[in-house]
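Novice: Can you keep this structure in mind? I'll have questions shortly.
Chains as they are written, first to last, in UniProt numbering: chain A, 1 to 499; chain B, 1 to 499.
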């Protein structure tokens with residue numbers, strides 16, 4: 001199992017002994033100015049560290065690497081050094097994590113709100129429609145989930161125009177990169193311990209990260225609450241997964257630290273091997289399941305046939321703890337994010353006025369396409385907006401002229417298709433220089449970054465067992481190919497350097 | 001940094017609770033009888049474990065993988081489960097380690113013995129000749145090495161005919177697989193913790209392994225003895241190295257645990273960047289060096305030009321601690337192994353009669369080609385012998401008809417070329433069934449195994465600071481392609497299951 005490296009190197013000790021402590025030197029963020037030989041040493045060490053500590057993925061160019069472990073491995077594309085990030089914004093994001101955790105839970109309990117808010121989306125988007133069908137069935141049978149857990153990640157950017165931390169999206173299903181975030185933190189702390197004095201960077205300014213341990217801890221505590229010592233945790237996985245080692249790492253933590261067995265199954269396998277026992281227990285391949293941990297099921301691609309939808313329904317109907325429930329999943333849709341941003345809506349779910357103010361401060365403008373004033377404004381000034389589909393996955397956002405044309409077409413059509421999209425205030429994020437390392441090579445460029453703050457949550461009826469901010473991950477992308485709004489897909493992983 | 005996994009799994013706990021403790025069941029060594037589904041699960045878990053814990057090498061099919069870290073990675077070819085090994089033989093091998101450590105040191109001090117024993121080899125083998133030249137120069141200048149250290153590995157096989165543990169060879173330079181041995185131990189212990197009850201195997205019967213920590217510890221203590229806090233450890237490396245992560249892991253241990261910096265250089269780079277300061281200190285690229293840790297220099301391929309020989313001489317002349325010195329290197333030659341096996345020779349170096357008996361018990365028959373009686377016997381019965389070159393590296397051994405023909409040719413020629421070889425008693429090792437995993441695929445077969453026991457040694461003048469057995473590594477190979485004597489090259493890595 002990998003551990004972040006924290007020991008100071010001799011270099012740093014020497015620096016301290018020489019009196020040229022890195023705390024005194026101004027941080028060197030213009031990474032283009034780094035001496036080339038030094039830079040090559042740092043890159044080399046980063047590649048070694050990544051291998052020794054399993055900051056690895058399956059290489060796309062190796063066909064089997066998403067199915068067979070241990071073959072076709074390559075280091076994760078990464079940012080060599082952390083990007084600058086204001087400490088005040090960082091604290092703001094961390095403070096928001098437990099507030100968002102609680103908000104997700106509260107909204108998930110309001111079945112009517114979810115159904116009504118998504119009613120138009122239902123007609124336009126087949127995937128959301130199928131999720132809503134399952135949700136409806138649960139409402140009909142009055143399914144209660146006493147034990148509810150969330151591993152959520154709220155993603156933020158800093159808008160350069162307003163100098164504010166703005167939420168891009170909230171991930172409530174298959175929240176990934178907990179391990180990768182932790183390993184990146186370990187890597188950057190290790191590199192700064194060795195080379196920080198040459199760069200004026202102090203490894204203590206890279207925030208600590210506990211996301212992966214906390215994820216495993218939350219799953220383990222949920223397993224305990226379910227209270228069946230013979231039950232296992234079911235990890236729902238995709239058929240191909242090049243980021244499988246993060247999932248395996250969590251399973252290894254569950255086994256070694258928490259003594260809990262986990263099994264991996266695709267939705268198709270769960271349909272074939274799963275059933276609900278008379279007492280409500282989910283059984284898969286003869287194994288009782290206490291917790292269903294989704295690392296698949298968030299995209300239509302995961303449901304190629306009715307088989308997979310049957311599996312999803314089966315799990316939802318069972319007594320197993322779902323991470324997440326269908327309700328939590330729906331709370332993570334863009335449409336709900338947009339509904340919550342409407343005046344007066346947050347107040348329905350949150351009593352604490354300070355919390356409401358904090359939540360609202362990070363909401364970017366979010367509008368339905370039913371709002372004709374905003375649509376008109378967007379057609380006139382498309383550069384101020386981004387059009388986003390309801391679904392997860394990224395990469396399908398619409399900008400600029402295409403946004404204008406799409407809106408005009410939708411107006412002509414007069415169809416329900418507009419409900420498949422929302423309009424969002426276009427964020428103009430700050431850029432910073434970075435060194436990006438991919439496939440053993442490095443390049444420099446100006447990047448924009450999106451910081452995701454993890455929260456874990458577990459409650460049993462009225463008892464809140466876990467509600468915390470657990471860690472973070474940062475995605476960084478060359479800004480020249482950035483089209484605004486959110487990052488389409490992701491570039492490389494990163495951390496932050498608090499300024 | 002990776003850690004072997006030792007926690008028992010839920011499966012094993014359940015097995016104990018059910019009363020079907022693995023201690024009671026007879027070990028299942030006929031691995032061909034394992035249920036196919038179970039086997040696939042074990043293979044899958046082994047591949048995952050290997051990736052999470054850096055049991056990885058550069059893939060030969062990826063060109064850059066020996067030069068650029070983090071790319072073209074693949075799990076190490078491995079034996080899925082440990083092979084049976086008698087506990088009495090195991091204890092014998094472990095007891096021998098400190099005795100061999102001390103023997104190597106004592107022999108290294110007898111420059112005349114080394115020169116005389118290798119005098120005929122010198123004429124026949126250019127590589128040994130160059131090593132002897134450096135050794136001669138050190139004798140001429142009366143170079144004293146007060147601080148001497150060894151990371152040695154003695155490799156053994158069990159001869160089925162005599163039921164005895166026989167030494168195959170002694171490695172005194174670039175002794176590798178310390179990390180790989182430890183990781184294999186961690187892997188097998190982890191797999192047996194999970195699946196042992198189905199196989200009647202108990203993870204406690206796989207011996208503990210501390211080889212890599214002890215290697216780093218010995219280097220760190222040598223660094224301390226040298227007593228220059230600003231000095232670094234120099235790791236002498238090959239230009240291409242697909243097993244580089246083991247070396248990097250040791251450097252990481254030195255940095256993180258012992259706060260010692262290490263640098264990596266090829267012999268060519270050392271020739272370009274190295275010099276000896278007036279006080280005798282070795283300086284490479286401006287960095288004072290306290291310990292030279294050879295992970296190259298053991299094969300003629302590492303010396304493509306005079307440049308590399310200059311580098312070797314430079315290091316030997318300096319005050320840096322050499323792991324190993326030129327003397328230690330020479331002690332590891334086959335010819336010295338053969339000399340030590342001659343009647344009365346051990347007694348020149350070892351006082352303790354019990355130690356002498358223990359050493360002699362593990363010596364296979366070893367003869368010079370000057371011994372005409374033995375040569376005659378080998379021509380008549382080539383199947384009882386193996387002909388080995390003096391040099392390290394394996395793969396060039398001669399057996400059967402070719403052995404007979406080579407001996408006849410050498411007799412005719414009447415040249416000095418016979419001094420390049422020795423004759424060794426052919427060992428007939430026991431075979432056992434095994435499951436070999438390579439490139440994500442597995443296959444079964446009958447294998448023979450060679451167990452290497454590591455020893456670490458450090459002394460400063462009369463003070464012995466370290467002299468221990470530190471761990472082990474096992475190499476396993478399909479027996480059908482086995483031609484006798486020693487393993488030509490190696491197949492896959494393994495551990496042992498004590499019976």
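Ideal Cβ positions, reconstructed from N, Cα and C, are used throughout, including at glycine.
For clarity, every value in this text was computed on a predicted model and none was experimentally measured.
1) Could you give the distance in angstroms between the alpha-carbon of residue 495 of chain B and the alpha-carbon of residue 188 of chain B?
2) Residue 77 of chain B versus chain A: which residues are under 7 angstroms apart at the beta carbon?
3) Run down chain B in chain order and give the residues with a C-beta less than 7 angstroms from the C-beta of residue 384 of chain A.
4) Which stretch, first to last residue, makes up the beta strand (DSSP E) that contains residue 323 of chain B?
5) Listed from N- to C-terminal order along the chain, which residues in the stretch 73-98 of chain A have their beta-carbon within a distance smaller than 7 angstroms of any beta-carbon of chain B?
6) Starting from residue 440 of chain B, find everything on chain A with Cβ-Cβ shorter than 8 angstroms and list it in chain order.
7) Suppose you measure from the CA of residue 179 of chain B to the CA of residue 201 of chain A; what does that come to, to the nearest Å?
8) In the DSSP assignment, what residue or residues form a beta bridge with residue 423 of chain A?
9) What separation, rounded to the nearest whole angstrom, lies between the Cα atoms of residue 304 of chain B and residue 435 of chain B?
10) Closest to residue 151 of chain B by C-alpha separation, out of B:90, B:294 and B:50, would be which residue?
11) State the beta-bridge partners of residue 85 of chain B as determined by DSSP.
12) Check whether the Cβ of residue 252 of chain A lies closer than 9 angstroms to any Cβ atom in chain B.
13) Could you tell me whether the Cβ of residue 340 of chain B comes closer than 9 angstroms to any Cβ of chain A?
14) Return yes when the Cβ of residue 82 of chain A is within less than 9 angstroms of the Cβ of residue 212 of chain A, no when it is not.
15) Does the count of Cβ pairs from the stretch 251-270 of chain B and the stretch 342-354 of chain B closer than 8 angstroms reach three?
16) Could you name the residues of chain A that residue 248 of chain B contacts, counting a contact when the two beta carbons are closer than 7 angstroms?
17) So, helix, strand or coil for residue 450 of chain A, using DSSP?
18) Given that a residue counts as buried once 16 or more other Cβ atoms are within 10 Å of its Cβ, and exposed if not, what is residue 38 of chain B?
19) Do you know whose CA, among A:52, A:95 and A:279, lies nearest residue 471 of chain A's CA?
20) Helix, strand or coil: how does DSSP classify residue 382 of chain B here?
21) Taking the beta carbon of residue 98 of chain A as the centre, do at least 16 other beta carbons fall within 10 Å, making it buried, or is it exposed?
22) What does the alpha-carbon distance come out to for the pair residue 500 of chain B and residue 291 of chain B?
23) Of the residues B:214, B:386 and B:468, which one's Cα is nearest the Cα of residue 103 of chain B?
24) Of the choices B:231, B:60 and B:247, whose alpha-carbon is the least far from that of residue 237 of chain B?
25) Check for me: the alpha helix (DSSP H) holding residue 299 of chain A runs from which residue to which?
26) Could you check the C-alpha separation between residue 143 of chain A and residue 316 of chain A for me, to the nearest Å?
27) I want to know whether the stretch 215-229 of chain B touches the stretch 52-64 of chain B - three or more CB-CB distances under 8 angstroms.
28) Pick helix, strand or coil for residue 267 of chain A, following the three-state DSSP scheme.
29) Taking the alpha helix (DSSP H) that residue 123 of chain B belongs to, which residues open and close that run?
30) So, with DSSP's three-state summary, where would you put residue 104 of chain B?
31) Residues in the same chain with beta-carbon distance under 6 angstroms from residue 275 of chain A, minus the five sequence neighbours each way, listed in chain order, please.
32) In the DSSP assignment, find the alpha helix (DSSP H) that holds residue 167 of chain B and state where it starts and stops.
33) With a cut-off of 9 angstroms, does the C-beta of residue 44 of chain B fall near any C-beta of chain A?
34) Assuming residue 492 of chain A contacts residue 77 of chain A under a Cβ cut-off of 8 angstroms, what Cβ separation, rounded to an integer in Å, is found between them?
35) What residue ranges within the stretch 207-257 of chain A form continuous alpha helix (DSSP H) runs of no fewer than 4 residues, ordered along the chain?
36) Counting C-beta neighbours from all protein chains within 10 Å, is the total for residue 232 of chain A 16 or more, i.e. buried, or is it exposed?
Specialist: According to the structure shown:
1) 7 angstroms
2) Going along chain A, no residue has its Cβ under 7 angstroms from residue 77 of chain B, so there is no contact; the nearest lies around 11 angstroms.
3) In chain order: nothing, as chain B lies at least about 41 angstroms away.
4) 321-323
5) 73, 74 and 75
6) 64, 68, 69, 70 and 71
7) 33 angstroms
8) A:367 and A:387
9) 39 angstroms
10) B:294
11) B:498
12) yes
13) no
14) no
15) no
16) 48 and 52
17) strand
18) exposed
19) A:95
20) helix
21) buried
22) The displayed coordinates of chain B run from 1 to 499. Any statement about residue 500 of chain B would go beyond what the structure contains.
23) B:468
24) B:247
25) Counting along the chain, residue 299 of chain A falls outside any alpha helix (DSSP H), and DSSP gives it neither H nor E.
26) 9 angstroms
27) no
28) helix
29) 119-124
30) helix
31) 283
32) From DSSP, residue 167 of chain B is part of no alpha helix (DSSP H) but of the beta strand (DSSP E) over 164-171.
33) yes
34) 4 angstroms
35) 211-226 and 244-256
36) buried
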